[in-house]
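Okay, so the sequence shown: first residue is 14 according to the working numbering, each after it adds one.
Quick reminder that beta carbons are idealized off the backbone N, C-alpha and C, glycines included.
What follows is a single structure, written as structure tokens, with notes after it.
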Amino acid sequence: MTVTSVRPTPEQVLLLAPDRAAAAAATTAAVPGAWSAAGCDDQAVWGQYIATSAEPYEVVVDLGGPAFRCTCPSRKVPCKHCLALLLLHDEQRVAPAKRLPFAQQFMQRRTNHPTAREQAPTPVADGEGEGAAAPDVAGDRGSAPRGDRDGQRDQRRTERAERMRAGLVELDRWLADRVRTGLAAHELADVATWDRLAARLVD
Numbered sequence: 014m015t016v017t018s019v020r021p022t023p024e025q026v027l028l029l030a031p032d033r034a035a036a037a038a039a040t041t042a043a044v045p046g047a048w049s050a051a052g053c054d055d056q057a058v059w060g061q062y063i064a065t066s067a068e069p070y071e072v073v074v075d076l077g078g079p080a081f082r083c084t085c086p087s088r089k090v091p092c093k094h095c096l097a098l099l100l101l102h103d104e105q106r107v108a109p110a111k112r113l114p115f116a117q118q119f120m121q122r123r124t125n126h127p128t129a130r131e132q133a134p135t136p137v138a139d140g141e142g143e144g145a146a147a148p149d150v151a152g153d154r155g156s157a158p159r160g161d162r163d164g165q166r167d168q169r170r171t172e173r174a175e176r177m178r179a180g181l182v183e184l185d186r187w188l189a190d191r192v193r194t195g196l197a198a199h200e201l202a203d204v205a206t207w208d209r210l211a212a213r214l215v216d
């Protein structure tokens, strides 16, 4: 399948950045000398970023998604390497070439599982956030399928709402008791009474 030949502007590429720090870092990394074996075709752009680690980072972007894959340890999606590669491609500094094996494997997974949710741009806190590599497909590296995560999130929300409702019912009952017995009750002078009430109301 051939995608449109219209390329995004650098500004549009940087809009994919999860934060300003990633956008700035991508601009710095978008130099041909930092890359080896970069190439592209109508559907993808790929390359190996020469990092300070022993092995270069393998980077590939599905232009039709876009969807991203990088072996760097950043948690940001897309990371600065994916953005830098897109900037080089936008500036026509990546030559057409035969896909490298890692790029071919990534695109083949995309073809075999067209409904799979790939990485999508997600806002995160400023800073590089290094420490764990982001998977290229939801469900890889032990992550739960998106549907399961959505279901778990809904269940947590329901349970939280039930706890809040129970806390409010108990508070209403407690206030009714205070109205009936009066505010001079001995237990009101006990700090533990208020601590227990506060703890019960904390969600």
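request  = Would you tell me roughly how many angstroms separate the C-alpha atoms of aspartate 55 and alanine 174, rounded to the nearest one?
outcome  = If you number the sequence shown from 1, residue 55 lands on position 42. If you number the sequence shown from 1, residue 174 lands on position 161. Going by the C-alpha atoms only, they are around 49 Å apart.
ask   = In angstroms, rounded to a whole number, what distance separates the CA positions of tryptophan 59 and glycine 164?
value = Taking the sequence shown and counting its residues from 1, the one referred to as residue 59 is at position 46. Taking the sequence shown and counting its residues from 1, the one referred to as residue 164 is at position 151. Taking the straight line from one Cα to the other gives about 35 Å.
query = Whose C-alpha, out of Ser66, Pro79, Asp167 and Tyr62, is nearest the C-alpha of valine 72?
reply = The sequence position of residue 72 within the sequence shown is 59, counting from 1. The shortest Cα separation from valine 72 among Ser66, Pro79, Asp167 and Tyr62 belongs to Tyr62.
inquiry  = Quick test of your reading: proline 23 and aspartate 103, contact by CB under 8 Å. State the CB separation rounded to the nearest angstrom.
reply    = Here residue 23 refers to the residue found at position 10 of the sequence shown. Here residue 103 refers to the residue found at position 90 of the sequence shown. Right, the Cβ-Cβ distance comes to about 6 Å (below 8 Å), so this counts as a contact.
inquiry  = Excluding the 5 residues flanking alanine 38 on each side, which residues of the same chain have their C-beta closer than 6 Å to its C-beta?
reply    = On the sequence shown, position 25 is the one that residue 38 refers to. Here the set comprises Lys93.
ask   = Is DSSP giving glutamine 61 helix, strand or coil here?
value = To locate residue 61, count along the sequence shown from 1; it is residue 48. DSSP places glutamine 61 within a strand segment (E or B) once states are collapsed to three.
ask   = Mind pulling the alpha helix (DSSP H) runs of 4 or more residues that sit fully within the segment 40 to 122?
value = Listed in chain order, the complete alpha helix (DSSP H) runs (minimum 4 residues) inside the segment 40 to 122 are 93 to 103.
request  = Tell me whether the beta-carbon of alanine 36 lies closer than 9 Å to the beta-carbon of leucine 98.
outcome  = Counting from one through the sequence shown, the residue named residue 36 turns up at place 23. Counting from one through the sequence shown, the residue named residue 98 turns up at place 85. The beta carbons of alanine 36 and leucine 98 sit no closer together than 9 Å.
query = Considering only the beta carbon of each residue, do leucine 29 and proline 79 sit closer than 9 Å?
reply = For this step, residue 29 is matched to residue 16 along the sequence shown. For this step, residue 79 is matched to residue 66 along the sequence shown. Yes, Cβ-Cβ distance for leucine 29 and proline 79 is below 9 Å.
For threonine 124, the three-state DSSP class (helix, strand or coil) = Counting from 1 along the sequence shown, the entry for residue 124 is found at position 111. Helix, per DSSP.
Among Arg88, Ala51, Thr84 and Ala57, the one whose alpha carbon lies nearest that of alanine 67 = Counting from one through the sequence shown, the residue named residue 67 turns up at place 54. The candidate whose alpha carbon is nearest that of alanine 67 is Thr84.
request  = In the DSSP assignment, find the unbroken alpha helix (DSSP H) run with leucine 27 in it and report its ends.
outcome  = Counted from its first residue, the sequence shown places residue 27 at position 14. Bounds of the alpha helix (DSSP H) holding leucine 27 are 23 to 27.
request  = Determine the direct distance from the alpha carbon of arginine 178 to that of alanine 205, and round the result to whole angstroms.
outcome  = Stepping through the sequence shown from its first residue, residue 205 is reached at position 192. Stepping through the sequence shown from its first residue, residue 178 is reached at position 165. Roughly 23 Å between the two C-alpha positions.
DSSP three-state assignment for aspartate 190, whether helix, strand or coil = Mapped onto the sequence shown, residue 190 falls at position 177. Residue state, collapsed to three classes: helix.
query = Between threonine 171 and alanine 57, what straight-line distance do the alpha-carbon atoms span, to the nearest angstrom?
reply = Counting from one through the sequence shown, the residue named residue 171 turns up at place 158. Counting from one through the sequence shown, the residue named residue 57 turns up at place 44. Going from the Cα of threonine 171 to the Cα of alanine 57 covers about 42 Å.
key: Alpha-carbon spacing of threonine 65 relative to serine 49, whole angstroms   = On the sequence shown, residue 65 is found 52 positions in, with the first residue counted as 1. On the sequence shown, residue 49 is found 36 positions in, with the first residue counted as 1. Answer to the nearest angstrom: the Cα atoms are 14 Å apart.
task = Would you identify the three-state DSSP class for alanine 30, choosing helix, strand or coil?
result = Working through the sequence shown from its first residue, we reach residue 30 at position 17. Note: alanine 30 maps to coil in three-state DSSP.
request  = With DSSP as the reference, label glutamate 143 as helix, strand or coil.
outcome  = Position 130 of the sequence shown, counted from the first residue, corresponds to residue 143. Any answer about glutamate 143 is weak, because its pLDDT of 42 lies below 50 and its placement is not dependable; what the coordinates show is given next. Strand at glutamate 143.
query = So, is proline 109 buried or exposed, given that buried needs 16 or more other C-beta atoms within 10 angstroms?
reply = Here residue 109 is taken as the residue at index 96 of the sequence shown, counted from 1. Result: exposed.
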